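Inspection log for the structure reproduced underneath, given as structure tokens.
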Amino acid sequence: MLLGLQKEFEDPFSSQTEVLTNAPMREADRLTVESGISGYELMVAAGQSVTNIVHEYYGDYEVLILCGSGNNGGDGFIAAMFLESLGHKVTVMGLVSARRLKGDARQAYKSWGGKMLDFIARPDLPEKTVVVDAVFGTGLSKNLESPVTDVFKAIRDGGWPVVAVDIPSGVNSDNGEADPQTLAASRTVTFFRKKAGHMLMPAFALCGHITVHDIGIEDDVLVLTGFSFRENAPALWQTRLPKPKNSQHKYSRGHVVMLGGTRMTGAARLASEAAMRCGAGLCTIVADQEVASIYKRAAAHVLYEVLETYEDFIHHLEDERRNAVLIGPGAGLEDRKGLQQAVLAALATEKPLVLDADALTCFADMPETLYKALHKKCVLTPHEGEFAKLFPALDGRKLEKAVQAAEMTGAVILLKGADTIIAQQGHDVVVNTHATPWLATAGAGDVLAGLVAGFLAQNMTVFDAACAGAWIHGETGDRKGAGLVAPDLVEGIPAVIRDLL
Numbered sequence: 001m002l003l004g005l006q007k008e009f010e011d012p013f014s015s016q017t018e019v020l021t022n023a024p025m026r027e028a029d030r031l032t033v034e035s036g037i038s039g040y041e042l043m044v045a046a047g048q049s050v051t052n053i054v055h056e057y058y059g060d061y062e063v064l065i066l067c068g069s070g071n072n073g074g075d076g077f078i079a080a081m082f083l084e085s086l087g088h089k090v091t092v093m094g095l096v097s098a099r100r101l102k103g104d105a106r107q108a109y110k111s112w113g114g115k116m117l118d119f120i121a122r123p124d125l126p127e128k129t130v131v132v133d134a135v136f137g138t139g140l141s142k143n144l145e146s147p148v149t150d151v152f153k154a155i156r157d158g159g160w161p162v163v164a165v166d167i168p169s170g171v172n173s174d175n176g177e178a179d180p181q182t183l184a185a186s187r188t189v190t191f192f193r194k195k196a197g198h199m200l201m202p203a204f205a206l207c208g209h210i211t212v213h214d215i216g217i218e219d220d221v222l223v224l225t226g227f228s229f230r231e232n233a234p235a236l237w238q239t240r241l242p243k244p245k246n247s248q249h250k251y252s253r254g255h256v257v258m259l260g261g262t263r264m265t266g267a268a269r270l271a272s273e274a275a276m277r278c279g280a281g282l283c284t285i286v287a288d289q290e291v292a293s294i295y296k297r298a299a300a301h302v303l304y305e306v307l308e309t310y311e312d313f314i315h316h317l318e319d320e321r322r323n324a325v326l327i328g329p330g331a332g333l334e335d336r337k338g339l340q341q342a343v344l345a346a347l348a349t350e351k352p353l354v355l356d357a358d359a360l361t362c363f364a365d366m367p368e369t370l371y372k373a374l375h376k377k378c379v380l381t382p383h384e385g386e387f388a389k390l391f392p393a394l395d396g397r398k399l400e401k402a403v404q405a406a407e408m409t410g411a412v413i414l415l416k417g418a419d420t421i422i423a424q425q426g427h428d429v430v431v432n433t434h435a436t437p438w439l440a441t442a443g444a445g446d447v448l449a450g451l452v453a454g455f456l457a458q459n460m461t462v463f464d465a466a467c468a469g470a471w472i473h474g475e476t477g478d479r480k481g482a483g484l485v486a487p488d489l490v491e492g493i494p495a496v497i498r499d500l501l
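For what it's worth, my numbering labels the leading residue of the sequence shown as 1, then goes sequentially.
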């Protein structure tokens, strides 16, 4: 048995970034079996991983294990065997009778050797019970039906914690879609690599805390199987994070120029602070004279210049040392044509450019004009509502639409949300779920835009800047936690970057 291989990957700094769909995962299993490790040995290792998590977090609980007829159920039978050996009282309910089990699942059932109960809608369970969902895993290709839905409803109504084996039953592991009756998990134990269904909404919200476990599949199988996309993590960009040098001065560390609005002035101020907190040497806000006093009273280290007209914005970009531009946070839509003109002028310079919020929305009635002007040094940071206005003709799921938009425009698309999609032309796709719900607060998006612009000013590539900005934004929010407001994010950026350098 492979019990010595139970390594768990839950470190946000992990290099395990590849995310698989169902077909490559099946191929990885097949190649591993061909190499001499049996399917049953993989099942034993998976069952031990489930055991470790259940015993660590629910050490004095009784355990109800719901087992399907396939390999997911086999993992459940192995977990039952090990959990009983650790002193847990274990009840197993089987979706099919023992005589209908086949292959490795049947062998696992025999190894356990206990008595399996039928699925019943009203299990009689004590309050301190944890439920292990080993019904379908990644193998489900149809909607959930009775009696599974009846049992799931009873468990949901009872409020017992759930540990899912591989993925909650009812989730499509390829695209993140979920049956409405899916049993939400407190924890999900998966193997080798995360699956797409762990990363994409709505399934992401149903998986709880996800841990990835080594069960004996070698990393080099990925060369043969391929993968769907990557999970955002420092392993993707950390070595290229800008590091200050003794020979540098403020101009060589980059200069961000921002277009500031007249109404929501806090947005530009937050973004400018974020750009400097991540290492940019200078940041200048260019805004109308009527709000000069507001911007001048902002942080002393942020510069301010008067914008006479939108047509004049281009003149504030003429200095070649001003090497990154951010337009959008708090820009306002009072003068759509003027804002469009400023955006197009900035695009014409071909300087690295972040377009956020109003800088995108102002083109909702004429998106083709923006498409034609975009280039590979641009990052677009819309939320889903802004994206829909800018790309109304795109169909499909969120990830597919982000990829289509990147291919269409040549820009990097950072499509925000609980499952932030970062896509660039050439089908490079990264998904960022490293965040916290506490980031749903006014100004958080402005901080993200400022981070990306700050990294662009320090000569990161647009894709690296988008990925690093999204991850650091999420990590900072996670560290600040409950009750955070946008200025807390700005204040917390240096500590996160310090830990990365």
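Beta carbons are placed, not taken as given, at the ideal position from N, Cα and C, and that holds for glycine.
On a predicted model such as this, the values are computed, not experimentally measured, just so you know.
GLN238 in three-state terms, based on DSSP: To locate residue 238, count along the sequence shown from 1; it is residue 238. Correct three-state label for GLN238: helix.
Straight-line gap, ARG193 to GLY332 (C-alpha atoms, nearest Å): Your numbering for residue 193 matches position 193 in the sequence shown. Your numbering for residue 332 matches position 332 in the sequence shown. Approximately 43 angstroms, taken between the alpha carbons.
Nearest to GLY279 (by Cα), restricted to the options ALA495, VAL33 and THR17: For this step, residue 279 is matched to residue 279 along the sequence shown. Nearest C-alpha to GLY279: ALA495.
4 or more residues per run - each alpha helix (DSSP H) lying fully within the segment 286-348: 292-296 and 336-348
Closest by C-alpha distance to VAL429, when choosing among ASN246, VAL162, GLU407 and LEU259: For the purposes of this step, residue 429 is taken as the residue at position 429 of the sequence shown. Nearest option by C-alpha distance: GLU407.
For ARG397, three-class secondary structure by DSSP: Taking the sequence shown and counting its residues from 1, one reaches residue 397 at position 397. Coil, per DSSP.
Run of the alpha helix (DSSP H) containing PHE82, from where it starts to where it stops: Here residue 82 corresponds to residue number 82 of the sequence shown, with the count starting at 1. Note, PHE82: alpha helix (DSSP H), 71-85.
Three-state secondary structure (DSSP) of ASP118: Here the question's residue 118 lines up with position 118 in the sequence shown. DSSP places ASP118 in strand when its eight states are reduced to three.
Check whether THR129 and LEU64 have beta carbons under 8 angstroms apart: Mapped onto the sequence shown, residue 129 falls at position 129. Mapped onto the sequence shown, residue 64 falls at position 64. Against a cut-off of 8 angstroms, the Cβ pair of LEU64 and THR129 comes out as a contact.
Alpha carbon of THR262 to alpha carbon of THR149, nearest angstrom: Position 262 of the sequence shown, counted from the first residue, corresponds to residue 262. Position 149 of the sequence shown, counted from the first residue, corresponds to residue 149. THR262 and THR149: Cα-Cα distance of roughly 54 angstroms.
Local Cβ density within 10 Å of PRO329, reported as buried at 16 or more and exposed below that: Counting from 1 along the sequence shown, the entry for residue 329 is found at position 329. Looking at its Cβ environment, which holds 16 or more other Cβ atoms inside 10 Å, PRO329 is buried.
Under the three-state DSSP convention, the category ASP356 falls into: Within the sequence shown, residue 356 is the residue found at index 356, counting from 1. Coil at ASP356, not helix or strand.
GLY197: first and last residue of the uninterrupted alpha helix (DSSP H) it sits in: Here residue 197 refers to the residue found at position 197 when the sequence shown is read from its first residue. Counting along the chain, the alpha helix (DSSP H) containing GLY197 begins and ends at 196-199.
Residue burial classification, SER35 (beta-carbon count within 10 angstroms, cutoff 16): On the sequence shown, position 35 is the one that residue 35 refers to. When all chains shown are included, SER35 counts as exposed.
Contacting residues, own chain, Cβ-Cβ under 7 angstroms from VAL306 (five flanking each side not counted): Sequence index remark: in the sequence shown, residue 306 carries index 306 (1-based). The answer, listed in chain order, is GLN289 and ALA292.
Inside the segment 417-489 only - beta strand (DSSP E) runs reaching at least 3 residues: 420-424 and 428-432
Neighbour-count burial assignment, ASN143, 16 or more Cβ in a 10 Å radius: If you number the sequence shown from 1, residue 143 lands on position 143. Label assigned to ASN143: exposed.
C-beta contact flag for MET93 and LEU117 at 8 angstroms: Walking along the sequence shown from the start, residue 93 turns up at place 93. Walking along the sequence shown from the start, residue 117 turns up at place 117. A contact, by the Cβ cut-off of 8 angstroms.
Candidates GLY445, GLN341, GLY158 and HIS301, of which the one nearest VAL256 by Cα: Here residue 256 corresponds to residue number 256 of the sequence shown, with the count starting at 1. Of GLY445, GLN341, GLY158 and HIS301, the residue nearest in Cα terms is HIS301.
Residues near THR409 in its chain [Cβ-Cβ closer than 6 angstroms; skip 5 each side]: Working through the sequence shown from its first residue, we reach residue 409 at position 409. Correct list, in chain order: TYR371 and LEU374.
First and last residue of the uninterrupted beta strand (DSSP E) at GLU62: For the purposes of this step, residue 62 is identified with residue 62 of the sequence shown, where counting begins at 1. Note, GLU62: beta strand (DSSP E), 62-67.
Option in ASP104, LYS110, VAL135 and SER111 with minimal Cα separation from PHE119: Taking the first residue of the sequence shown as position 1, residue 119 is located at position 119. Here the closest residue by C-alpha is VAL135.
Burial state of HIS315 (16 or more Cβ within 10 Å): Your numbering for residue 315 matches position 315 in the sequence shown. Per the 10 Å Cβ criterion, exposed.
Sub-8 angstroms separation of ALA267 and ASP446 beta-carbons: The sequence position of residue 267 within the sequence shown is 267, counting from 1. The sequence position of residue 446 within the sequence shown is 446, counting from 1. Result yes, Cβ atoms of ALA267 and ASP446 sit closer than 8 angstroms.
Cβ-based burial, MET276 [other Cβ within 10 Å; buried from 16]: For this step, residue 276 is matched to residue 276 along the sequence shown. Classification of MET276: buried, given that the 10 Å Cβ count is 16 or more.
Cβ pair LEU448, THR361 closer than 8 angstroms: Taking the sequence shown and counting its residues from 1, the one referred to as residue 448 is at position 448. Taking the sequence shown and counting its residues from 1, the one referred to as residue 361 is at position 361. No.
Extent of the continuous beta strand (DSSP E) run through PHE191: The residue labelled residue 191 in the question sits at position 191 within the sequence shown. Start and end: 187-191.
Beta-bridge pairing of CYS362 - partner residues as DSSP gives them: Your numbering for residue 362 matches position 362 in the sequence shown. CYS362 pairs with nothing; no bridge assigned.
Cβ-based burial, ASP395 [other Cβ within 10 Å; buried from 16]: Within the sequence shown, numbered from 1, the residue matching residue 395 stands at position 395. The residue is exposed, with fewer than 16 neighbouring Cβ atoms inside 10 Å.
Per-residue burial, HIS209 [other beta carbons within 10 Å of its own, 16 or more giving buried]: As a working note, residue 209 is residue 209 in the sequence shown. The residue in question, HIS209, is exposed, as its Cβ has fewer than 16 Cβ neighbours within 10 Å.
PHE391: first and last residue of the uninterrupted beta strand (DSSP E) it sits in: Translated into the one-based positions of the sequence shown, residue 391 becomes position 391. No beta strand (DSSP E) holds PHE391; DSSP gives it neither H nor E.
Chain-order list of residues whose beta-carbon lies under 6 angstroms from that of ASP425 (same chain, five-residue window excluded): The residue given as residue 425 occupies position 425 in the sequence shown. Per the sequence shown, the amino acid found at residue 425 is Gln instead of Asp. Closer than 6 angstroms at the Cβ level, and outside the excluded window around GLN425, lie ALA406, GLU407 and GLY410.
Proximity winner among ARG122, ARG106, PHE204 and PRO242, relative to ASP179 (alpha-carbon distances): The residue given as residue 179 occupies position 179 in the sequence shown. The candidate whose alpha carbon is nearest that of ASP179 is PHE204.
Cβ-based neighbour list, VAL171, same chain, cut-off 8 angstroms, excluding 5 preceding and 5 following: Numbered from its first residue, the sequence shown carries residue 171 at position 171. The residues are LEU140, GLU177, ALA178, ASP179, THR182, GLY197, ALA203, LEU206 and CYS207.
Minimum length 3: unbroken beta strand (DSSP E) runs contained in the segment 101-171: 129-134 and 162-165
Proximal residues to ARG479 (C-beta, below 8 angstroms), its chain only, five neighbours per side dropped: If you number the sequence shown from 1, residue 479 lands on position 479. GLY492, ALA495 and VAL496.
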